[in-house]
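Colleague: Residue numbers (this note's numbering), protein chains in the order written: chain A, 720 to 1136; chain B, 136 to 522.
Ideal placement from N, C-alpha and C gives every residue a C-beta, glycine not left out.
Sharing a structure here in structure tokens format.
This is how it looks when you write it as structure tokens:
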């Protein structure tokens, strides 16, 4: 009951609570203006607000001056000047190192890495410098003002070097935070939280959603708390966990699973087709799915996911990155530790394949909604129900001609679960 | 634009018109001066007089026209969505690919960045293979698995085709080391752009190459824009040929195919004797960085058309051919028509090639029969042994 209340409360954050003077609300009040924006515009708005509210914040990276390759930084250089919004040469290691230094002096450095695929030259700086600065200096110095933004994920035709999802590499580094928004409204709030968070944050933006996702985004300054997962769809049979663009795919899988076909009508019209095989094809029963958006991958909200899995007994994790060593493995291991006795099936991971992100094979590589739907976790509650239903109906139909159906029906009902 | 002066060593000019038919295969040496002098750093520049022949200049024209047509065909294929992904076009820079080939052999290695279509063609690649690879078909040079940025040709020592900026530079120096070790008097040409010139790995590679006297020639293709950023905004010192400091450098007019040829020949001799050298090729690309970039947000259309009128490499060679009576206007136009047809045929052929099999997704990750397993969407459902 308490956990139910707790989860319910997480969905609606009361304005003015727990974050001091700043107003936080995920839902816009009636008096606040909202505007229909896509992801890059929402991020652009967040950057405008961040630079406006803190005079010691800077945005830099490759080609950000003219607006950036995804238009996330349009208008910033014109409004705030070339001293605060500037282009860097092509050197990721240098850019991030420079950002760490700037942040160490108490500034807010918002660094853009043009594609997450190019973040690896900066990996050393992030892991060995940014993540450990506060720790190794005994809290004398820190680079909390650093936020690294990078577009990540598949885009339909990106190929090897414009589609990667490197979040798992960074989730393995204590000392930084990893944040991934799923929609424009979330992105604006999460980005502002990330920029203002006193820890270095790596912020991955799903590039597929830059233009595709459109949502009503409040125009005021708001932040969404980090390390709090959100249950975006309630359910009872299975918990699905994801982040970023993958959530739209998972939502489709949830909708498919919840479809209920009226098999009674089917049976009446096609009774002669009744057989074990026929029944399996005709009959479907809905599965109620609970969908959770993690939002922050490091440190992730274990409590929310745990409470959900304890309710449903099943877990399915989905991400675009390759399955081996992906972040789904961490979630799976943790949930197993915490909810072992409540689990009715092994944790399922529907993820990208263990290959480099392919060029022409992208449709095979991607964890699509069909892969999610047909995964053992999502179909096993169905199979169990089906099994009993089929047994009962099979008996019913065999004796249809010979005996009173009433007797046999009641006999079959006890097989139903 | 200053035309080259002909210093007569052949009698081509005086041949009667009836014998002009044989000009296309005439290999009598001609010497032509390059349009601009070479600027050097820590070494003596090569002479401005380039030894060439009528046949060679005509082949330059043909090759460059073919490359130009290929890039334009790729542009329209991309716009009609037959090529997906990223496509970085080389038109404007053809003189570099062609001139380099003229100065070296197929045993010398070339390694370049993602703007590799014309370099592949220069190394002897077929148009069909190029178009197939662009469209992701099995006939492609990388079996359809690489795409635009990953063209390779092993038999011509073309080591590709690299997506990550600057990553090919240390690789290229490694190639040079292997060549030095094998004592076969071959060199490696390591191409990178003005954007990549600011990568740390370049300087690491330069240091190693200079320390160990590797026969590596680092060629900076300076087309003045690192995607959207001009060189004066990204580099404190835009004199890329001097950036090597202790490594000698040469600045070359990259739009003049003869100058490129001379420089590459000179660089090869230098590298075999003295170790690494940097060549900065002053060139220009007409298209944007890639097909997603209109190329007009960071430079004016006047600038692009200005370069096209004054410095276009193909036009230069055309003027050369016409002024030296090596070919007539009509012959050159016919040649361009032939090239156009060649390209169209190649495109048609490439379109017929099938897409790779789905099982190819899992091949060539490790050595065949290595025994490594890959898991599908649901670990229990799909298991494949990686080939």
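Can you list the residues of chain A that residue 435(B) reaches, using a CB-CB cut of under 9 Å?
Modeller: For this step, residue 435(B) is matched to residue 300 along the second chain. Correct list: empty, because the minimum Cβ distance to chain A is about 14 Å.
Colleague: Tell me whether residue 1080(A) sits in a helix, a strand or coil according to DSSP, three-state version.
Modeller: As a position in the first chain, residue 1080(A) is number 361, starting the count at 1. Here residue 1080(A) sits in coil by DSSP.
Colleague: State the DSSP-derived secondary structure class of residue 930(A), mapped to helix, strand or coil.
Modeller: On the first chain, position 211 is the one that residue 930(A) refers to. Helix, per DSSP.
Colleague: Of all Cβ atoms in chain B, is any one closer than 8 Å to the Cβ of residue 813(A)?
Modeller: On the first chain, residue 813(A) is found 94 positions in, with the first residue counted as 1. True, the Cβ-Cβ gap to chain B drops below 8 Å.
Colleague: Taking the DSSP output, what are the residues bridged to residue 1038(A)?
Modeller: The residue you call residue 1038(A) lines up with position 319 of the first chain. The partner list for residue 1038(A) (beta bridge, DSSP) reads 1070(A).
Colleague: Tell me the rounded alpha-carbon separation between residue 395(B) and residue 230(B).
Modeller: In the second chain, counting from the first residue as 1, residue 395(B) sits at position 260. In the second chain, counting from the first residue as 1, residue 230(B) sits at position 95. C-alpha separation (whole angstroms): 7 Å.
Colleague: If I'm right that residue 349(B) touches residue 411(B) with Cβ under 8 Å, what's the distance once you round it to whole angstroms?
Modeller: Here the question's residue 349(B) lines up with position 214 in the second chain. Here the question's residue 411(B) lines up with position 276 in the second chain. That pair is a contact at about 6 Å.
Colleague: Have a look at residue 181(B) and residue 174(B) and give me their C-alpha separation to the nearest angstrom.
Modeller: Translated into the one-based positions of the second chain, residue 181(B) becomes position 46. Translated into the one-based positions of the second chain, residue 174(B) becomes position 39. Whole-angstrom Cα-Cα distance: 9 Å.
Colleague: For residue 484(B) versus residue 263(B), is the C-beta distance shorter than 8 Å?
Modeller: As a working mapping, residue 484(B) is identified with position 349 in the second chain. As a working mapping, residue 263(B) is identified with position 128 in the second chain. Cβ atoms of residue 484(B) and residue 263(B): closer than 8 Å.
Colleague: Is the beta carbon of residue 332(B) within less than 7 Å of some heavy atom of the ligand ATP?
Modeller: Here there are no bound small molecules, and the ligand ATP is not part of this structure.
Colleague: I need the straight-line Cα distance from residue 188(B) to residue 321(B), nearest angstrom please.
Modeller: To locate residue 188(B), count along the second chain from 1; it is residue 53. To locate residue 321(B), count along the second chain from 1; it is residue 186. The straight-line gap from Cα to Cα measures roughly 24 Å.
Colleague: Just how far apart, CA to CA, sit residue 873(A) and residue 925(A)?
Modeller: Numbered from its first residue, the first chain carries residue 873(A) at position 154. Numbered from its first residue, the first chain carries residue 925(A) at position 206. Approximately 8 Å between the Cα atoms of the pair.
Colleague: Mind checking whether residue 950(A) and residue 1015(A) have CB atoms under 8 Å apart?
Modeller: Locating residue 950(A) in the first chain gives position 231, where the first residue counts as 1. Locating residue 1015(A) in the first chain gives position 296, where the first residue counts as 1. No, Cβ-Cβ distance for residue 950(A) and residue 1015(A) is not below 8 Å.
Colleague: If you count every other CB in all the chains shown that lies within 10 Å of the CB of residue 910(A), and 16 or more means buried, which is it?
Modeller: As a working mapping, residue 910(A) is identified with position 191 in the first chain. So residue 910(A) counts as buried.
Colleague: Go through its chain and collect everything with a Cβ distance to residue 217(B)'s Cβ below 6 Å, but skip five positions before and after it.
Modeller: Here the question's residue 217(B) lines up with position 82 in the second chain. Around residue 217(B): 270.
Colleague: Given this structure, state the Cα-to-Cα distance separating residue 372(B) from residue 332(B), to the nearest angstrom.
Modeller: The sequence position of residue 372(B) within the second chain is 237, counting from 1. The sequence position of residue 332(B) within the second chain is 197, counting from 1. Cα to Cα, residue 372(B) sits roughly 10 Å from residue 332(B).
Colleague: Mapping the DSSP letters down to three states, classify residue 263(B) as helix, strand or coil.
Modeller: Indexing the second chain from 1 puts residue 263(B) at position 128. Residue 263(B) falls in the helix class under three-state DSSP.
Colleague: Applying the 10 Å Cβ sphere with the 16-neighbour rule, what's the burial state of residue 157(B)?
Modeller: Locating residue 157(B) in the second chain gives position 22, counting from the first residue. Residue placement at residue 157(B) is poorly supported in this model, since its pLDDT is 47, which falls under 50; the coordinates are not used for a value here.
Colleague: If the criterion is Cβ atoms closer than 8 Å, does the pair residue 199(B) and residue 256(B) meet it?
Modeller: In the second chain, the residue the question calls residue 199(B) occupies position 64. In the second chain, the residue the question calls residue 256(B) occupies position 121. Taking 8 Å as the Cβ cut-off, residue 199(B) and residue 256(B) do not qualify as a contacting pair.
Colleague: Got a sec? Which residues, its chain only, sit under 7 Å from residue 1025(A) by beta carbon, not counting five neighbours each side?
Modeller: Walking along the first chain from the start, residue 1025(A) turns up at place 306. Cβ neighbours of residue 1025(A) beyond the five flanking positions: 1054, 1057, 1058.
Colleague: How close, in whole Å, do the beta carbons of residue 1030(A) and residue 955(A) come, if the pair is a contact with beta carbons under 8 Å?
Modeller: As a first step, residue 1030(A) must be located in the first chain, where it is residue number 311. As a first step, residue 955(A) must be located in the first chain, where it is residue number 236. About 7 Å; that satisfies the 8 Å criterion.
Colleague: With 8 Å set as the bound, which would you pick, yes or no: does the beta-carbon of residue 1083(A) sit closer than that to a beta-carbon of chain B?
Modeller: Numbered from 1 along the first chain, position 364 holds the residue referred to as residue 1083(A). Yes - at least one Cβ of chain B is within 8 Å of the one on residue 1083(A).
Colleague: Could you compute how far the alpha carbon of residue 463(B) sits from the alpha carbon of residue 453(B)?
Modeller: Taking the second chain and counting its residues from 1, one reaches residue 463(B) at position 328. Taking the second chain and counting its residues from 1, one reaches residue 453(B) at position 318. Going by the C-alpha atoms only, they are around 10 Å apart.
Colleague: In chain A, what lies closer than 7 Å to residue 368(B) by C-beta?
Modeller: Here residue 368(B) is taken as the residue at index 233 of the second chain, counted from 1. Result: 806.
Colleague: Give the straight-line distance between the Cα atoms of residue 922(A) and residue 943(A), rounded to the nearest whole angstrom.
Modeller: Position 203 of the first chain holds residue 922(A). Position 224 of the first chain holds residue 943(A). One C-alpha to the other measures close to 14 Å.
Colleague: Please decide whether residue 1047(A) counts as near chain B, where near means a Cβ-Cβ distance under 8 Å.
Modeller: Within the first chain, the letter at position 328 stands for residue 1047(A). Cβ-Cβ to chain B under 8 Å: no for residue 1047(A).
Colleague: Would you identify the three-state DSSP class for residue 762(A), choosing helix, strand or coil?
Modeller: For the purposes of this step, residue 762(A) is taken as residue 43 along the first chain, with counting starting at 1. If DSSP states are grouped into helix, strand and coil, residue 762(A) belongs with the helices.
Colleague: Got a sec: is the Cβ-Cβ distance from residue 967(A) to anything in chain B below 8 Å?
Modeller: The residue you call residue 967(A) lines up with position 248 of the first chain. No - not a single Cβ of chain B is within 8 Å of the one on residue 967(A).
Colleague: Between which residues of its own chain and residue 249(B) is the CB-CB distance below 6 Å, once the five residues before and five after are set aside?
Modeller: Residue mapping note: residue 249(B) aligns to position 114 of the second chain, counting from 1. Hits under 6 Å: 223, 284, 298.
Colleague: Report yes if the C-beta distance between residue 1069(A) and residue 1041(A) is below 8 Å; otherwise report no.
Modeller: Working through the first chain from its first residue, we reach residue 1069(A) at position 350. Working through the first chain from its first residue, we reach residue 1041(A) at position 322. The answer is no: Cβ separation not under 8 Å.
Colleague: Is the beta carbon of residue 392(B) less than 8 Å from the beta carbon of residue 234(B)?
Modeller: Your numbering for residue 392(B) matches position 257 in the second chain. Your numbering for residue 234(B) matches position 99 in the second chain. Result yes, Cβ atoms of residue 392(B) and residue 234(B) sit closer than 8 Å.
Colleague: To the nearest angstrom, how far is the alpha carbon of residue 741(A) from that of residue 915(A)?
Modeller: Mapped onto the first chain, residue 741(A) falls at position 22. Mapped onto the first chain, residue 915(A) falls at position 196. With a pLDDT of 33 at residue 741(A), under the threshold of 50, the modelled position of this residue cannot be trusted; read the value that follows with caution. Roughly 11 Å separates the two Cα atoms.
Colleague: On a CA-only basis, which of 397(B), 441(B), 427(B) is nearest residue 213(B)? Give me that one, please.
Modeller: For the purposes of this step, residue 213(B) is identified with residue 78 of the second chain, where counting begins at 1. Comparing Cα-Cα distances from residue 213(B) to each of 397(B), 441(B), 427(B), the minimum goes to 427(B).
Colleague: Which residues of the stretch 317 to 341 of chain B have a Cβ closer than 7 Å to any Cβ of chain D? Give them in chain order.
Modeller: As a matter of chain content, chain D is missing from the structure shown, whose protein chains are A and B.
Colleague: So residue 1079(A) contacts chain B; which residues on that side make the cut at Cβ distance below 7 Å?
Modeller: One-based indexing of the first chain puts residue 1079(A) at position 360. Near residue 1079(A) (Cβ distances below 7 Å), the residues of chain B are 271, 279, 490, 491.
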